[in-house]
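In full-length UniProt numbering, the protein residues as written are 1 to 623.
Below is the structure:
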């Protein structure tokens with residue numbers, strides 16, 4: 001995790017958190033409210049990373065404490081600090097809004113809408129090739145999400161158990177490849193087969209096409225801890241699955257295993273065919289033992305919440321987001337996502353990659369895992385399958401998800417559809433940073449930064465919450481060169497008032513910035529003449545209103561000049577503007593959002609003739 005540039009204002013961050021949740025007029029804070037806020041940010045109370053805090057809470061309040069109990073909610077400063085101290089790093093990250101999805105409530109609201117829309121999908125049939133799958137309830141519909149920061153969200157039948165079936169192929173490959181590396185591809189390829197997932201065929205090299213079809217998955221399973229007793233191999237695989245799930249639920253469905261064995265003729269035929277073609281690694285177990293092991297891994301059981309964590313582990317480069325333990329090496333993690341992208345959805349893989357653009361793996365039990373790299377993992381469960389063998393609701397959910405969010409692999413291209421939501425974007429930060437950078441640069445007289453922002457098309461009339469603009473600060477600090485740039489090149493509005501009704505000219509006078517006062521008065525007179533010239537050249541139908549505006553403006557300027565002893569410096573206003581090094585290239589410069597931008601001399605006059613500036617009284621800090 002990258003170090004944060006923000007530090008707590010107190011040497012003791014636990015004190016800061018206590019003060020955030022302190023009860024009015026009492027030296028107590030609500031630990032229940034803290035946990036509620038964390039839950040609202042996506043961190044669940046059963047998160048392994050919060051176990052230290054939750055154990056301290058139970059220890060302090062007793063094993064029978066309930067969330068609605070006042071005693072459980074309210075703690076003294078020392079009790080509160082003792083509880084949050086074991087997990088203060090994670091708690092402070094969450095409270096600073098530094099988790100991967102910042103607006104969690106808005107994101108989950110959109111997910112809920114999509115989930116509810118998919119519930120009405122009634123197409124597809126449950127798998128019937130074994131009795132256990134045929135008995136599944138077609139109305140079941142569950143979904144769970146886990147981000148790479150451990151934010152979790154689930155809906156529907158998210159804890160209904162289901163067998164991994166073909167979803168196990170992706171995790172088996174990741175485990176074996178992490179153990180053996182590229183050696184695994186001495187026995188299995190990595191190309192889409194273009195055939196049915198259980199077809200009896202090999203690639204031109206005499207190997208199964210990829211690990212996501214039955215033949216390749218059987219070979220991969222035979223490589224998993226080859227030479228170790230079968231019981232130890234099973235224990236190893238089960239423990240690896242639990243590591244991937246961050247300690248979540250991983251079980252075993254013996255009834256499904258027995259049914260798989262009873263209906264395994266096709267897989268036996270595949271295995272004997274591969275044995276004839278010497279596809280199995282040397283010194284592996286008997287064919288029957290290898291197939292039993294394969295069926296056992298297919299019969300492992302989980303639910304959406306645990307499987308979402310497993311998918312998030314792959315999205316996080318092989319590191320479980322809940323335990324921060326590396327479960328898959330980085331190269332195998334990359335490889336398994338590539339295989340899921342090209343081969344993970346049976347014969348629908350190409351269409352799914354085209355429509356959704358995300359790595360995914362489905363199984364005939366109705367389970368489906370989807371990975372959004374560097375963001376999150378998703379698990380979907382709905383038993384009815386389409387004709388390709390994928391969960392009908394799961395596929396529709398993914399299609400709707402891509403319509404809403406920019407998760408497609410190529411949505412990040414330049415000039416892509418900006419109407420899609422990006423939950424990773426920190427809303428408001430761009431605008432806030434622009435204001436801070438501009439005003440800080442003006443306070444320090446940093447002309448280079450202001451020039452760069454101008455060339456980027458930034459509106460230099462933007463203001464802070466007090467209505468103070470770059471011109472106000474430049475005038476206050478006496479940065480005459482910067483003031484010339486803002487007035488002559490950027491042509492900012494010199495008449496904007498802050499919340500106290502002060503213009504930049506008022507501030508320059510207050511702080512006795514004589515040179516700045518002269519520049520502002522000179523600009524006021526020049527723009528008044530420019531406006532009068534435009535009024536004189538305008539159609540006669542508009543003369544009356546514009547004349548009134550011009551007269552009002554001239555009266556305002558005349559009063560300002562009369563009040564100031566430096567009005568004599570404006571006598572040369574008919575001459576060309578001097579920019580003293582402020583000139584910049586105007587070709588290709590972005591247009592100002594409030595009027596034309598120009599340099600000095602002929603270029604500025606040409607722009608003025610083409611685009612007349614609006615009257616000062618019509619300008620505002622936000623335009």
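Quick reminder that beta carbons are idealized off the backbone N, C-alpha and C, glycines included.
Buried versus exposed call for residue 254 [16 or more other C-beta atoms within 10 Å across all chains shown]: Numbered from 1 along the chain shown, position 254 holds the residue referred to as residue 254. By the 10 Å Cβ count, residue 254 comes out exposed.
Pair within 8 Å by beta-carbon distance, residue 187 and residue 83: Walking along the chain shown from the start, residue 187 turns up at place 187. Walking along the chain shown from the start, residue 83 turns up at place 83. In this structure, residue 83 does not lie closer than 8 Å to residue 187 by Cβ.
Cβ pair residue 79, residue 259 closer than 8 Å: As a first step, residue 79 is located in the chain shown; it is residue number 79 there, counting from the start. As a first step, residue 259 is located in the chain shown; it is residue number 259 there, counting from the start. For residue 79 and residue 259, no; Cβs fall outside 8 Å.
Extent of the continuous alpha helix (DSSP H) run through residue 306: On the chain shown, position 306 is the one that residue 306 refers to. Segment 304–315, the alpha helix (DSSP H) holding residue 306.
Exposure of residue 360, with buried meaning 16 or more beta-carbon neighbours within 10 Å: Numbered from 1 along the chain shown, position 360 holds the residue referred to as residue 360. Residue 360 comes out buried.
For residue 360, the residue or residues it bridges with in DSSP: Counting from one through the chain shown, the residue named residue 360 turns up at place 360. Beta-bridge pairing links residue 360 to 370.
Rounded straight-line distance, which links the Cα of residue 364 to that of residue 16: Position 16 of the chain shown, counted from the first residue, corresponds to residue 16. Position 364 of the chain shown, counted from the first residue, corresponds to residue 364. Each residue's alpha carbon lies about 51 Å from the other.
CB-CB length for residue 290 against residue 218, believed under 8 Å: Taking the chain shown and counting its residues from 1, the one referred to as residue 290 is at position 290. Taking the chain shown and counting its residues from 1, the one referred to as residue 218 is at position 218. Their Cβ separation, rounded to whole angstroms, is 7 Å, which keeps residue 290 and residue 218 in contact under 8 Å.
Residue 282 burial status per 10 Å Cβ neighbour count (16 or more: buried): Sequence index remark: in the chain shown, residue 282 carries index 282 (1-based). Under this definition residue 282 is an exposed residue.
As assigned by DSSP and simplified to three states, the class of residue 269: Here residue 269 is taken as the residue at index 269 of the chain shown, counted from 1. Correct three-state label for residue 269: helix.
Option in 318, 486, 125 and 508 with minimal Cα separation from residue 388: Within the chain shown, numbered from 1, the residue matching residue 388 stands at position 388. The candidate whose alpha carbon is nearest that of residue 388 is 125.
DSSP beta-bridge partners of residue 125: On the chain shown, residue 125 is found 125 positions in, with the first residue counted as 1. The partner list for residue 125 (beta bridge, DSSP) reads 385.
Nonlocal neighbours in the same chain, by C-beta distance under 6 Å from residue 168, ignoring five residues either side: Here residue 168 is taken as the residue at index 168 of the chain shown, counted from 1. Result list for residue 168: 297 and 298, in chain order.
Backbone secondary structure at residue 133 - three-state DSSP: Position 133 of the chain shown, counted from the start, is the residue given in the question as residue 133. Residue state, collapsed to three classes: helix.
Per DSSP, the bridge partner or partners of residue 152: Here the question's residue 152 lines up with position 152 in the chain shown. DSSP lists 146 as the beta-bridge partner residues of residue 152.
Segment contact flag, the region 478–498 with the region 506–523, C-beta cutoff 8 Å, min 3 pairs: yes
For residue 163, the three-state DSSP class (helix, strand or coil): Along the chain shown, read from residue 1 onward, the residue named residue 163 stands at position 163. Secondary structure at residue 163: strand, using DSSP grouped into helix, strand and coil.
Residue 226 (DSSP reduced to helix, strand or coil): Position 226 of the chain shown, counted from the first residue, corresponds to residue 226. Coil at residue 226, not helix or strand.
Nearest residue (CA-CA) to residue 75, options 45, 51, 58 and 28: If you number the chain shown from 1, residue 75 lands on position 75. That would be 28, whose Cα lies nearest to the Cα of residue 75.
Alpha helix (DSSP H) segment containing residue 365, residue limits: Looking up residue 365 in the chain shown gives position 365. It is not in any alpha helix (DSSP H) - residue 365 carries neither H nor E in the DSSP assignment.
Sufficient close CB pairs (3 or more, under 8 Å) joining the region 343–360 to the region 389–405: yes
Cα-Cα separation between residue 142 and residue 373, rounded to whole angstroms: Taking the chain shown and counting its residues from 1, the one referred to as residue 142 is at position 142. Taking the chain shown and counting its residues from 1, the one referred to as residue 373 is at position 373. So the two alpha carbons sit approximately 22 Å from each other.
Contact under 8 Å by Cβ, residue 386 with residue 123: Within the chain shown, the letter at position 386 stands for residue 386. Within the chain shown, the letter at position 123 stands for residue 123. Against a cut-off of 8 Å, the Cβ pair of residue 123 and residue 386 comes out as a contact.
Option in 236, 264, 511 and 311 with minimal Cα separation from residue 215: Taking the chain shown and counting its residues from 1, one reaches residue 215 at position 215. Minimum Cα distance to residue 215 is reached at 264.
Spatially closest choice to residue 319 from 245, 252, 384 and 250, by CA coordinates: The residue given as residue 319 occupies position 319 in the chain shown. For residue 319, the nearest C-alpha among the options comes from 245.
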